[in-house]
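The structure appears right after this line, and notes come after that.
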Amino acid sequence: MRYLLLVLLPMLISAEARRPRIAIAGILHESNSFSSVKTPLADFERGGIRRGAEVVEAYAPARHEISGILEGARRFEFEAVPLLAASATPSGPVTAEAFEALTRELAERLNAAGPLDALLLALHGAMVTEAYPHADAEIVRRARAAAGAELPIVVTHDFHANIPEEIVRDSTVLLTYQTNPHVDQFERGLRAAGIAARIARGQVKPAQALAKPPMIYNIRFQNTNAEPLRPVAEESRRLEGEAGILAASVAGGYQYADVPALGPGAVVVTDGDPERARREAARLSEMLWATRGHLRLELPGAADAVRQAMESPRRPVVLAEMGDNIGGGSAGDATFLLAELIRQKASGWFVAIADPAAVERAAHAGVGRPFEGLVGAKTDKLHGEPVRVRGRVKSLHDGRYLETEVRHGGQRYHDQGLTAVIEVEGSAPEELNLLMLTTRRQTPFSLHQLISCGVYPERQRILVVKAAIAFRAAYEPIAARIIEVDTGGVTAVNPARFTYRLARRPLFGLE
Ligand SMILES: [Zn+2]
Numbered sequence: 019m020r021y022l023l024l025v026l027l028p029m030l031i032s033a034e035a036r037r038p039r040i041a042i043a044g045i046l047h048e049s050n051s052f053s054s055v056k057t058p059l060a061d062f063e064r065g066g067i068r069r070g071a072e073v074v075e076a077y078a079p080a081r082h083e084i085s086g087i088l089e090g091a092r093r094f095e096f097e098a099v100p101l102l103a104a105s106a107t108p109s110g111p112v113t114a115e116a117f118e119a120l121t122r123e124l125a126e127r128l129n130a131a132g133p134l135d136a137l138l139l140a141l142h143g144a145m146v147t148e149a150y151p152h153a154d155a156e157i158v159r160r161a162r163a164a165a166g167a168e169l170p171i172v173v174t175h176d177f178h179a180n181i182p183e184e185i186v187r188d189s190t191v192l193l194t195y196q197t198n199p200h201v202d203q204f205e206r207g208l209r210a211a212g213i214a215a216r217i218a219r220g221q222v223k224p225a226q227a228l229a230k231p232p233m234i235y236n237i238r239f240q241n242t243n244a245e246p247l248r249p250v251a252e253e254s255r256r257l258e259g260e261a262g263i264l265a266a267s268v269a270g271g272y273q274y275a276d277v278p279a280l281g282p283g284a285v286v287v288t289d290g291d292p293e294r295a296r297r298e299a300a301r302l303s304e305m306l307w308a309t310r311g312h313l314r315l316e317l318p319g320a321a322d323a324v325r326q327a328m329e330s331p332r333r334p335v336v337l338a339e340m341g342d343n344i345g346g347g348s349a350g351d352a353t354f355l356l357a358e359l360i361r362q363k364a365s366g367w368f369v370a371i372a373d374p375a376a377v378e379r380a381a382h383a384g385v386g387r388p389f390e391g392l393v394g395a396k397t398d399k400l401h402g403e404p405v406r407v408r409g410r411v412k413s414l415h416d417g418r419y420l421e422t423e424v425r426h427g428g429q430r431y432h433d434q435g436l437t438a439v440i441e442v443e444g445s446a447p448e449e450l451n452l453l454m455l456t457t458r459r460q461t462p463f464s465l466h467q468l469i470s471c472g473v474y475p476e477r478q479r480i481l482v483v484k485a486a487i488a489f490r491a492a493y494e495p496i497a498a499r500i501i502e503v504d505t506g507g508v509t510a511v512n513p514a515r516f517t518y519r520l521a522r523r524p525l526f527g528l529e
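Going by the working numbering, the sequence shown opens with residue 19, and the numbers climb by one from there.
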């Protein structure tokens, strides 16, 4: 018996030693080339820079791709070596200083990690820095330089990635979310982890290819639950069910990054069949191109949209202020719809505006006290004029809330800073005009942004959201109607409002 143990023990130990060691890292930012607000390191610190075990603590309870990767370590039996995870709310290009600091730390942690069998790297795919239009490709290049040419690198991307050839060449596997609103982040992380584990065990040899149609896919049409994009997204999912296909992705692209590889793209990863990868990527790309006849922009302006919302017999009507899409890097303080609601004497509306100075004024006045002052449009000149608001401070909040459902972004804990709700004049007992003033700009991806501050979204007649598509996961279940509004701002839906310098041309939808 003792002899048997002596024989078995080294075998057990070597089996344990064969459990792959896979590093996990993420540097995520969606950068709007047209924004005047740069993204410094402080924005990543605010968004959270997690190191080592902190990565597990922060992401294990969420529905992010890094959460899926962590679950994958358990399910596919590899040792997770968390290095670094940093993200910041979409804004202007990342400063050179922030990019150098984050990539230097990633390289140092890779070097200090000991022997690794693979690296799982969560990147957005539309990060622009002062020096690199395709900063994600540069991160992969630096990770490879630090970890060696042989280390398999499996990259996950957001659906809004503008994918250049370089990153497909320098990574071993690249896959994107397949949904917008993004509700499959966890599942995509899990799939990436499974592929990394199989590569580490020598079970698969990935070959990947990228194909891009000569177009932009306007953000207005990037809903994977609706025509014309739905069949293409469905086809990528179907393809992943075929033997020999490790991953199939269709990225919609991000039109506010002025970069050479601007626009959508398809990436297919096969097990050892580069020709099949090329063929299938080209086919998905062709499917995108074939939908171009349906991509015509015909959206109402602010005045028209407010009129339509007031006439609607059912409530609530959601007005999407497309030009001030916070998730697309905008300021969150545009006043086009607020001004129009007041001008047309609409009632029962809700608008949230990021305006730290106005929050302070409200807090200083106190709950129940009168409030009067200019609100919004303070970041730059692109987002309307400050609007004079009269009313009273209805409530004050610390701005923290919890989202337990699967919503765009996969985050659970939210913090928009000190928040004031102003009951604006013209309110009736059942038709409150509510203006939420937030210290930080906050993406409207959760109804708990309202509920946690005592606002019942179903009771409002009109809800304004500063978003394009992503809000739908939270708002579609309660909205009687959604009206997309063509407003100005750094995320204006019409690309003719911007001057592109680096984007490849010609591109359908941009000319
Ligand atoms: Zn996205």
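For every residue, glycine included, the Cβ atom is placed at its ideal position computed from N, Cα and C.
A distance below 8 Å between beta-carbons, with the five flanking residues on each side excluded, links E443 to the following residues of its chain, in chain order: R408, G409, N451. DSSP places V287 in the uninterrupted beta strand (DSSP E) bounded by 283 to 289. By the Cβ rule, the segment 206 to 220 does not count as touching the segment 502 to 513, because fewer than three pairs are nearer than 8 Å. In this structure, the alpha-carbon of N343 lies about 43 Å from that of R219.
In the structure shown, I440 falls within a strand segment according to DSSP collapsed to helix, strand and coil.
Going by DSSP, L525 is part of no alpha helix (DSSP H) at all; its letter is neither H nor E. Taking the Cα of Q196 as reference, the smallest distance to any Cα among D176, F516, E316 is reached at D176. Judged by DSSP in its simplified three-state form, T121 adopts helix. Relative to ligand 1, even the nearest heavy atom lies 6 Å or more away from the CB of H175.
Only residues of its own chain outside the window of five on either side were considered, and among them P170, I171, V172, I217, P224 have a CB closer than 7 Å to the CB of T190, listed in chain order. If you draw a 10 Å sphere on the C-beta of S109, you find 16 or more other C-beta atoms in it, and that means buried.
E293 and T174 have their C-alpha atoms roughly 22 Å apart. Proximity of the beta carbon of H178 to ligand 1 is indicated: a heavy atom of the ligand is located closer than 6 Å.
The segment 431 to 448 makes contact with the segment 460 to 470: 3 or more CB pairs, one atom from each, lie closer than 8 Å. Approximately 26 Å separates the beta-carbon atoms of G270 and D289; this is outside 8 Å, ruling out the contact. Excluding the 5 residues flanking it on each side, G65 has same chain C-beta neighbours closer than 8 Å at A104, S105, A106, T107, in chain order.
Under the 8 Å Cβ criterion, the segment 150 to 170 does not count as touching the segment 237 to 255, having fewer than three qualifying pairs. The Cβ atoms of E148 and A114 lie closer than 7 Å to each other. Around R387, the same chain offers R410, V411 as residues with beta carbons nearer than 7 Å, after the five sequence neighbours per side are excluded.
Excluding residues up to 5 positions away in sequence, S109, G110, P111, V112, T113, E148 lie with their Cβ nearer than 8 Å to the Cβ of K56 in the same chain. Shown here, P224 sits in a strand according to DSSP, grouped into three states. Straight-line spacing of the CA atoms in A295 and Q226 works out to 6 Å. With respect to the 7 Å criterion, L356 and L337 are not classified as neighbours on the basis of their beta carbons. Going by C-alpha positions, A299 is about 44 Å away from K396. Distance between E529 and L141, taken at the CA atoms: about 29 Å. Only buried fits K484, as 16 or more other CB atoms lie within 10 angstroms of its CB. For the pair T309 and V424, the Cα-to-Cα distance works out to about 29 Å.
The C-alpha of E339 lies about 48 Å from the C-alpha of Q221. By the Cβ neighbour-count rule, G166 is exposed, with fewer than 16 other Cβ atoms within 10 Å of its own. Here DSSP, grouped into helix, strand and coil, assigns L208 to helix.
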